[in-house]
Amino acid sequence: MCHRLVEKFQERLHHPSTQQTLVSTDRKFKTCVYFTNWAVYDKKHFPSHLPLRYYTHIFYAFITIDPESGNVKFTDKWCDLELPEESLIPDETVHGSLQQLYQMKKLNRTLKVIMSVGGWGTSHLFEAIVADEQKLQNFVESSVGFIEEYGFDGVDIDWEYPKNSREGQRFVDLLRSMRERLPPRYSLTVAAPAGIDNIKHLDIPEMDQYLSFWNLMCYDFAGQGWSQNTAFHSNLFGNNGDNDMNVADVVQIYLSKGVVPSKLILGCPMYGRIFHGVNSCKIGDSFQRQQNSDSSDIINYNEIGCFPEQYFDLRKVGAYAYDTKSKRLVTYDNEQSAKIKGNFVKSKALGGGMWWDSSGDRVTSSNPSPDSLVTNFVDQLGGVTQLDQNENCLLYPKSKYLKSLRS
1 MCHRLVEKFQ ERLHHPSTQQ TLVSTDRKFK TCVYFTNWAV YDKKHFPSHL
51 PLRYYTHIFY AFITIDPESG NVKFTDKWCD LELPEESLIP DETVHGSLQQ
101 LYQMKKLNRT LKVIMSVGGW GTSHLFEAIV ADEQKLQNFV ESSVGFIEEY
151 GFDGVDIDWE YPKNSREGQR FVDLLRSMRE RLPPRYSLTV AAPAGIDNIK
201 HLDIPEMDQY LSFWNLMCYD FAGQGWSQNT AFHSNLFGNN GDNDMNVADV
251 VQIYLSKGVV PSKLILGCPM YGRIFHGVNS CKIGDSFQRQ QNSDSSDIIN
301 YNEIGCFPEQ YFDLRKVGAY AYDTKSKRLV TYDNEQSAKI KGNFVKSKAL
351 GGGMWWDSSG DRVTSSNPSP DSLVTNFVDQ LGGVTQLDQN ENCLLYPKSK
401 YLKSLRS
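Every letter in the sequence shown is one number past the one before it in UniProt numbering, and letter 24, counting from 1, is 24.
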């Protein structure tokens, strides 16, 4: 079934109306995933569960900012630095997720670990540092210090979102300051918005000259808390059932601003968006808005099997499922979505794929599932041999935290 879907999609890509935009390339692809430090509690999900062969970049979420000084700091110091976990390397003991990730870099020299700063609900922290020159300097210097102490390969800025053009210009200033201070071997990236109301405040050409690549957050197009109708939240094409947002159009916006395709990383969800009070399994139908919309509106991809009715829209490239008893409808990416999006990335010569977040996939370090999103995506790119082969950094001579792990 999946092969037939991909073949049909390939025919669509080679239609005369789209063929002129396709680029052939032998370039290697990036596969990036966000690992959240809170997943060790509610999901019992640890860095060692990640399939090393299939990822080139792990984004560690999140590092936060002290609004008084501008310095970066941990959100969960025990998890990050002290959490005991079984070592992946014999005769070594690890303390904290960051030591485990450093070990994983030893085992896979093409795996890079990036510190992601910010996240949803932290816009005020970025506003504080970009408005104060000393705080901005402290932010930059402390970020470099974190890299050198805890073994990161770069910095990812997740500012959601600059709310006007003035803050957009200050975002450029932040990136310029960071890039000038970061040694060339370390990457600088951003988690980039998909909504035009947020994109319009960004000076994309100016930002682009300082960035290694862009992580496009091509998800949350629709949801229980803000949509009027049930809808796909990460559809590749067309109207999603509630609005006109889709992945292909988001990619085109960034391309139209002058970003080269190879610097655009296509973000995909490893979770679904649930709509409650739905009377039929139909995209674009009404639902009952809940008073307190919270985490019950989100479900991991690896938990969606509990929905008995599952469907796929090939035209828009979106999966959805329905539970008659609970009257819940969920929209998400499945293995078919992953294959088709992988083919889209390859055909458009984009830089690769990104996922939020790692706890949601149907995969373990030793047992990839046939339904895994990342493995199906990578297979469509041509397999793991087509992934970025640039090596990570293992030398952090100033680090006290990593000292016990050095061989």
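Ideal placement from N, C-alpha and C gives every residue a C-beta, glycine not left out. Model, not experiment: these values are computed from the prediction.
Original post:
Where does Ser24 land, buried or exposed, given buried means 16+ other C-beta within 10 angstroms?
Top reply: In the sequence shown, counting from the first residue as 1, residue 24 sits at position 24. With a pLDDT of 34 at Ser24, under the threshold of 50, the predicted position of this residue should be treated as unreliable, though the coordinate-derived value follows. Looking at its Cβ environment, which holds fewer than 16 other Cβ atoms inside 10 Å, Ser24 is exposed.
**OP:** Would you mind listing the beta strand (DSSP E) stretches within the stretch 185-231 that are 3+ residues and don't spill past its ends, in chain order?
**Re:** 187-192, 213-216
Original post:
Apart from the five residues on each side of it in sequence, which residues of its chain come closer than 6 Å, Cβ to Cβ, to Gln380?
Top reply: Here residue 380 is taken as the residue at index 380 of the sequence shown, counted from 1. Lys339, Gly342, Asn343, listed in sequence order.
Original post:
Are the Cβ atoms of Asp357 and Met270 separated by less than 8 Å?
Top reply: What you label residue 357 is simply residue 357 of the sequence shown in a count that begins at 1. What you label residue 270 is simply residue 270 of the sequence shown in a count that begins at 1. A contact, by the Cβ cut-off of 8 Å.
Original post:
If you count every other CB in all the chains shown that lies within 10 Å of the CB of His124, and 16 or more means buried, which is it?
Top reply: Counting from 1 along the sequence shown, the entry for residue 124 is found at position 124. Exposed.
Original post:
Can the beta-carbon of Ala222 be found less than 8 Å from the beta-carbon of Asn243?
Top reply: In the sequence shown, residue 222 corresponds to position 222, counting from 1. In the sequence shown, residue 243 corresponds to position 243, counting from 1. Yes, they are a contact pair.
Original post:
If you compare alpha carbons, which of Pro193, Gly277, Ser337 is closest to Gln228?
Top reply: Here residue 228 refers to the residue found at position 228 of the sequence shown. Among Pro193, Gly277, Ser337, the Cα nearest to that of Gln228 is on Gly277.
Original post:
Anyone know if the C-beta pair for Tyr54 and Val378 falls short of 8 Å?
Top reply: By 1-based counting over the sequence shown, the position of residue 54 is 54. By 1-based counting over the sequence shown, the position of residue 378 is 378. Using a Cβ distance threshold of 8 Å, Tyr54 and Val378 count as a contacting pair.
Original post:
Looking at C-beta atoms only, is the number of pairs between the stretch 385-393 and the stretch 87-98 that lie closer than 8 Å three or more?
Top reply: no
**OP:** For residue 408, collect the residues of the same chain with a Cβ closer than 8 Å to its Cβ; drop the 5 residues on either side in sequence, then sort them by chain order.
**Re:** Residue 408 lies beyond the range of the chain shown here (1 to 407); nothing can be said about it.
**OP:** Go to Ser116, then tell me how far its beta strand (DSSP E) extends in each direction, as first and last residue.
**Re:** Taking the first residue of the sequence shown as 1, we reach residue 116 at position 116. Element bounds for Ser116: 112-118.
Subject >> Minimum length 3: unbroken beta strand (DSSP E) runs contained in the stretch 32-105 >> reply: 57-65, 72-74
Original post:
In chain order, what residues of the same chain lie with their CB nearer than 8 Å to the CB of Pro193, ignoring the 5 residues before and after it?
Top reply: Here residue 193 refers to the residue found at position 193 of the sequence shown. For Pro193, where only same-chain residues beyond five positions count, the Cβ hits under 8 Å are Glu160, Tyr161, Ile199, Leu202, Met217.
Subject >> Cβ shell of Leu136 (< 7 Å), same chain only, five flanking positions each side left out >> reply: Taking the first residue of the sequence shown as 1, we reach residue 136 at position 136. Taken in chain order, the residues that qualify are Gly70, Ile129, Val130, Leu174, Ser177.
Subject >> Within 8 Å, strictly: CB atoms of Phe35 and Tyr60 >> reply: Numbered from its first residue, the sequence shown carries residue 35 at position 35. Numbered from its first residue, the sequence shown carries residue 60 at position 60. Closer than 8 Å, so yes.
Original post:
Cα separation between Asp197 and Glu86?
Top reply: Along the sequence shown, one-based indexing puts residue 197 at 197. Along the sequence shown, one-based indexing puts residue 86 at 86. Roughly 45 Å between the two C-alpha positions.
Subject >> Residue from Lys112, Gly360, Asn37, Ala319 whose Cα sits closest to the Cα of Ala231 >> reply: Reading the sequence shown from its first residue, position 231 is the one you call residue 231. When each option's Cα is compared against that of Ala231, the closest is Ala319.
**OP:** Measure the Cβ-Cβ separation of Ser359 and Lys43 and say whether it is below 8 Å.
**Re:** Looking up residue 359 in the sequence shown gives position 359. Looking up residue 43 in the sequence shown gives position 43. Yes, these two residues count as a Cβ contact at 8 Å.
**OP:** Could you have a look at His276 and say whether DSSP puts it in helix, strand or coil?
**Re:** By 1-based counting over the sequence shown, the position of residue 276 is 276. Note: His276 maps to strand in three-state DSSP.
**OP:** Rank Glu335, Gly351, Phe287 by C-alpha distance to the C-alpha of Ile326 and give the top, closest one.
**Re:** Locating residue 326 in the sequence shown gives position 326, counting from the first residue. Before going on, a small fix: residue 326 reads as Ser here, not Ile. Considering only alpha carbons, the answer is Phe287.
Original post:
Hey, is Leu329's beta-carbon within less than 8 Å of any beta-carbon in chain C?
Top reply: Structure shown: chain C not included; a single protein chain is present.
Subject >> Inter-residue spacing [alpha-carbon to alpha-carbon] between Leu111 and Asp153 >> reply: By one-based count along the sequence shown, residue 111 stands at place 111. By one-based count along the sequence shown, residue 153 stands at place 153. Those two C-alpha atoms are separated by around 9 Å.
Original post:
Mapping DSSP to helix, strand and coil, what is Thr331?
Top reply: Start at 1 with the first residue of the sequence shown, and residue 331 comes out as number 331. Here Thr331 sits in strand by DSSP.
Original post:
Taking the alpha-carbon positions, what's the Phe307 to Ile283 distance?
Top reply: Residue mapping note: residue 307 aligns to position 307 of the sequence shown, counting from 1. Residue mapping note: residue 283 aligns to position 283 of the sequence shown, counting from 1. Straight-line Cα distance between these residues: approximately 16 Å.
Subject >> Under the three-state DSSP convention, the category residue 408 falls into >> reply: What is shown of the chain runs 1 to 407, which leaves residue 408 out entirely.
Subject >> Local conformation of Ala338 per DSSP, three classes >> reply: Position 338 of the sequence shown, counting from 1, holds the residue named residue 338. Looking at Ala338 - three-state DSSP - the assignment turns out to be helix.
Original post:
Got a sec, what are the start and stop residues for the beta strand (DSSP E) Gln310 sits in?
Top reply: As a first step, residue 310 must be located in the sequence shown, where it is residue number 310. Note, Gln310: beta strand (DSSP E), 309-313.
**OP:** Within 10 angstroms of the Cβ of Ser296, are there 16 or more other Cβ atoms? Answer buried if so, exposed if not.
**Re:** As a first step, residue 296 is located in the sequence shown; it is residue number 296 there, counting from the start. Label assigned to Ser296: exposed.
Original post:
Does DSSP put Met354 in a helix, in a strand, or in coil?
Top reply: Residue numbering aside, residue 354 sits at position 354 when the sequence shown is read from its first letter. Three-state DSSP puts Met354 in a strand.
Original post:
In chain order, what residues of the same chain have a beta carbon less than 6 Å from the beta carbon of Ile63, not counting five sequence neighbours either side?
Top reply: Counting from one through the sequence shown, the residue named residue 63 turns up at place 63. So the qualifying residues of the chain are Val72, Met115, Val117.
Original post:
In the DSSP assignment, what are the bridge partners of Val378?
Top reply: For this step, residue 378 is matched to residue 378 along the sequence shown. DSSP output for Val378 lists no bridge partner at all.
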